[in-house]
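Residue numbers (UniProt numbering): 1 to 359.
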């Protein structure tokens, strides 16, 4: 029996749309791979058949496995492949605000509050992608108001220049990096914002809550994803065979820079950034390599590819995308933390089916 089936066959067997299949892959429910010369992704037949056969309370197993608790938020909304921050389309925000203005808008605060003087010299000994989380950890450790939730938004606004100064290798004032950071401010209840909200639910201070978010962000499938996309674009730009480069880049069945668990089509954040770069640098070899990959992949592009193109074109290094992710998402996570402070405490709790004691 054939072990791998096409996207169309898998979708037919499960009775779902193609976009739903890719969301299953993103969440680890199904495995897919891409073969040279193959127009569609291939799916493991056994996994697809098992998922199609399993039933639970009259629902498909996929629905059961992917069921999440509904949590409302006013920070961002995603609908019909549009991202809205505080009710405003991300494209409109990027057209009218730089990162600093967008941060004030999302945090709903005008003036920053300074943070305590902290010795940040330990940052020199860690990689660039570890500096922002470490800086926030040091600020939290020396903050006499660590448990005080007063002026949380203004205090986060106050630390943004400090965080920017921890990564002098990355010019955060460049129009492309500023734009990318703005698009990365928030994207709904992602792993990082959810982790930050869980900490805030226990009434951790705003900086300690941010640390929980940075921990989730550090995973290779979240904030670390741009590095894999960077390697892909760099290989193609260097002349590596397209199919080989794409095959080598696959991580856990995912082609970095493509597909998204939320967006069925192209990620609107990627469109904003790539369109800006095409306007500014139409002859860029990096953009040409990215466009060739997009054409060959035949999939919807996500912001990780845009991040890779920015980092590679500006010579910022493979981990710059993760740093820009941390910097931009600091604002969104803080906004979620502050919103969570207005909810009932300790509301985030999973169900325990065993008999063990819960503290």
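We treat Cβ as the ideally placed atom computed from N, Cα and C, and that holds for glycine.
What you are looking at is a predicted structure, and each value in this text was computed from that prediction instead of being measured.
Skipping 5 residues on each side, what residues in its chain have a beta carbon closer than 6 Å to that of residue i?
i: residue 182; result: 94, 99, 102
i: residue 152; result: 206, 338
i: residue 335; result: 75, 106, 107
Quick check: the Cα distance between residue i and residue j, rounded to an integer number of angstroms?
i: residue 286; j: residue 245; result: 15 Å
i: residue 205; j: residue 146; result: 5 Å
i: residue 175; j: residue 79; result: 27 Å
i: residue 273; j: residue 247; result: 25 Å
i: residue 330; j: residue 320; result: 15 Å
i: residue 327; j: residue 237; result: 27 Å
i: residue 109; j: residue 347; result: 27 Å
i: residue 121; j: residue 136; result: 13 Å
i: residue 72; j: residue 240; result: 45 Å
i: residue 114; j: residue 155; result: 6 Å
i: residue 203; j: residue 141; result: 16 Å
i: residue 345; j: residue 197; result: 10 Å
i: residue 249; j: residue 6; result: 20 Å
i: residue 282; j: residue 297; result: 21 Å
Suppose the cutoff is 7 Å on Cβ atoms and the five residues either side in sequence are ignored; what does the same chain contact list for residue i look like?
i: residue 171; result: 177
i: residue 322; result: 129, 223, 224, 226, 227
i: residue 216; result: 191, 192, 195, 222
i: residue 289; result: 233, 236, 237
Using a Cβ-Cβ distance under 8 Å, would residue i count as near chain E?
i: residue 320; result: Annotation note: the requested chain E is absent from the structure, which comprises a single protein chain.
Confirm, please, whether the CB-CB distance from residue j to residue i is below 8 Å.
i: residue 369; j: residue 144; result: Outside the displayed range of the chain (1 to 359) lies residue 369, so it cannot be described from this structure.
i: residue 41; j: residue 32; result: yes
i: residue 256; j: residue 311; result: no
i: residue 208; j: residue 199; result: yes
i: residue 133; j: residue 211; result: yes
i: residue 270; j: residue 305; result: yes
i: residue 14; j: residue 52; result: yes
i: residue 188; j: residue 76; result: yes
i: residue 166; j: residue 107; result: no
i: residue 92; j: residue 82; result: no
Tell me residue i's beta-bridge partners as DSSP assigns them.
i: residue 89; result: 84
i: residue 78; result: 83
i: residue 23; result: Bridge partners of residue 23: none, in fact.
i: residue 5; result: 43
Residues in its own chain within less than 8 Å of residue i by CB, not counting five upstream and five downstream?
i: residue 119; result: 138
i: residue 62; result: Any reading at residue 62 must be qualified, since the residue scores a pLDDT of 41, below 50, and its modelled position is unreliable; the value itself is stated next. The answer, listed in chain order, is 14, 16, 20, 24, 29, 51.
i: residue 219; result: 191
i: residue 66; result: Its pLDDT being 40, under 50, residue 66 is placed unreliably in this model, and the coordinates cannot settle the point.
i: residue 3; result: 44, 45, 46
Between the region 13-25 and the region 256-265, are three or more C-beta pairs nearer than 8 Å?
Enough Cβ pairs lie closer than 8 Å, so yes.
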